[in-house]
Every structure is written in structure tokens, then in C-alpha cells.
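Residue numbers (my numbering): 4 to 259.
All C-beta atoms in this analysis are idealised placements derived from N, C-alpha and C, irrespective of residue type, glycine included.
Worksheet: the structure to be examined is printed underneath.
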Amino acid sequence: MGHELQDIWFSYDDRSVLSGVSLELESGLFHGVLGPNGSGKTTLLDLISGHLKPNKGRVLLEGQAVDKAARKELARKCALVPQDFRVNFPFTAAQVVMMGRYPHIGRFGAPSQEDWDMVEQAMESTGIRDFAQRNVTELSGGERQRVVFARALAQNAETLILDEATSNLDVRHTLALMRLAADKVRKAGLTVISVMQDINLAARFCQSLLFLKNGRAAAHGPVDEILTESVIQEVFEVKSKVYFDETINRKQVVFL
């Protein structure tokens, strides 16, 4: 069933951010969320992950209201990679990744061998084992981002929520983490919901796109149907050329 948004309205004080958004994000797909600055993308993720409650409407996960779920239960279902991760205490990278296992550990329990195995797998897949014992306060922005990505993978949730999760990464690591997420969608049935600024990156890895503008859903559906020159013109107010790139077998965009 995935996530369902039913007539969602949200405001920060007197500033309206989302207005009457209704849609379903099917499970087992890689969803890209795109739109101009201030269109409500991050707020949408915060509502989906349960960090915010809508002023009006309901957010459902598998038919259950997200804002009614216990925090630990929700953390077993949704893992978030935020846009900007800051920590002032000198935890090691490995300790931060282990934080992803806390929803699976009893209140007074200690990490099991399974927990450590999940942490090792997450660090290996994101390429951070070389600095696993370094303090996160000493890491670069890109290295910290990979640590937080590994933490989310170790959480082993059904949905991975990415808020511009590759914004601090170079091209090589961006492609590596996007491939990793796409592989988990294809092989393990993971659901990924990712806010992205790069339309071509979204077109390459996503199966479904949601375009937001002025707090409303401007277009939503499969990439091949939704990624058009008219949609880009409507949402971003720029002219473009959309073409099929045979090298990667995906649609791509050139901005004019």
C-alpha cells in the first residue's frame, strides 16, 4: 500500500507550505520529489516520516495513520537521511551507524551480533569502513553524509527517506549511493522517497516522479510519462529539451 496523503494542508504560523496534497506513493518503488525552492519538498518528507503533523488531512502508512504510531514502531518502518546532519559530541562513525539499530534494541539491551553485522554491512556498502573509528566531528561534510546514509541502511526500515542526501557528495559517491538505493529497491523491495535537485539524476534512478509547485502536486507518475518539456516549463518556468539517452536507457534533460 505504501504512503498515502489525504488532503494534506500544512503551515508554519501564517505561511502556507502545502495545500490540499492528495496522492499515493506506492511501496517497492524509487520515488523522486522535485520542485522549486520553497515548494514544500522537505516539509512533505517531514510529514511522511512523522516528524511533523498536518494541520489538516491524514498521512497513512500501510493504511495506518503515521501520527498515531509509536516512535519506535515508526522508526522500524521509516529511516531518514537528512539534508544536513550535525553532531557536536565526538561519536565515532561506527557509533553513529549503530544508532540506526536502536529501534531494534530493547530499552536496557545491548547490541546483538545481528546488530553489529548490520552495522558492518552498512559501513561496507557505503565505503566508510576506513574511517569507522574516527570522530564524526573530524569528518568532511561528504564523509558525514555517507555515515548518516549508512546509519539509515543499518536501521533496516521498509522505507528509506532521503532529503537531498547527496548534496555534499562528489559525483562518484553520489552515483554509488544512488545505485545502492536503487539496487535495494529492485532486489529487496525497499521503498525510497527522495527529494532531489538534479532532474537528470532523478530521471536516471527513479521510477516515479512527484513535482511540487507552490505547495501543490503539479505532476505525479511514472518517469516516462511525467518527465516532459511542458511539465518542466510549468514547474520551473524554464525551457528544456527532453530526450532519451541510449547510453543509460533513460530520459534526460537539457536546459535551454
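Next on the checklist: Taking a contact to mean a Cβ-Cβ separation below 8 Å, would you say V198 touches E240 in this structure?
Outcome noted: The residue labelled residue 198 in the question sits at position 195 within the sequence shown. The residue labelled residue 240 in the question sits at position 237 within the sequence shown. Not in contact: V198 and E240 (Cβ atoms no closer than 8 Å).
Checklist entry - When the Cβ atoms of the segment 39 to 48 are set against those of the segment 215 to 222, are three or more pairs found closer than 8 Å? => result Contact between the segment 39 to 48 and the segment 215 to 222 is established, with three or more Cβ pairs separated by less than 8 Å.
Checklist entry - Do R137 and T95 have their CB atoms nearer than 8 Å? => result Here the question's residue 137 lines up with position 134 in the sequence shown. Here the question's residue 95 lines up with position 92 in the sequence shown. Result yes, Cβ atoms of R137 and T95 sit closer than 8 Å.
Next on the checklist: Quick check on DSSP: helix, strand or coil for H54?
Outcome noted: Against the sequence shown, residue 54 aligns to sequence position 51. In the structure shown, H54 sits in coil (DSSP, three-state: anything other than H, G, I, E or B).
Next on the checklist: Between which residues of its own chain and G35 is the CB-CB distance below 6 Å, once the five residues before and five after are set aside?
Outcome noted: Here residue 35 refers to the residue found at position 32 when the sequence shown is read from its first residue. So the qualifying residues of the chain are S197, M199, A205, C209, L212.
Item to check | Inter-stretch contact at 8 Å, needing at least 3 Cβ pairs: the segment 71 to 88 / the segment 140 to 155 | outcome: yes
Next on the checklist: Buried or exposed, going by whether 16 or more other CB atoms sit within 10 Å of the CB of F33?
Outcome noted: Walking along the sequence shown from the start, residue 33 turns up at place 30. Buried, because 16 or more other Cβ atoms sit within 10 Å of the Cβ of F33.
Checklist entry - If you draw a straight line from the C-alpha of E232 to the C-alpha of V99, how long is it? => result Against the sequence shown, residue 232 aligns to sequence position 229. Against the sequence shown, residue 99 aligns to sequence position 96. In a straight line, the C-alpha of E232 is about 42 Å away from that of V99.
Checklist entry - Do you know whose CA, among N203, R149, N171, I202, lies nearest L183's CA? => result As a first step, residue 183 is located in the sequence shown; it is residue number 180 there, counting from the start. With distances taken between Cα atoms, L183 lies closest to R149.
Checklist entry - Per DSSP, what kind of secondary structure is R175 in: helix, strand or coil? => result Numbered from 1 along the sequence shown, position 172 holds the residue referred to as residue 175. Helix, per DSSP.
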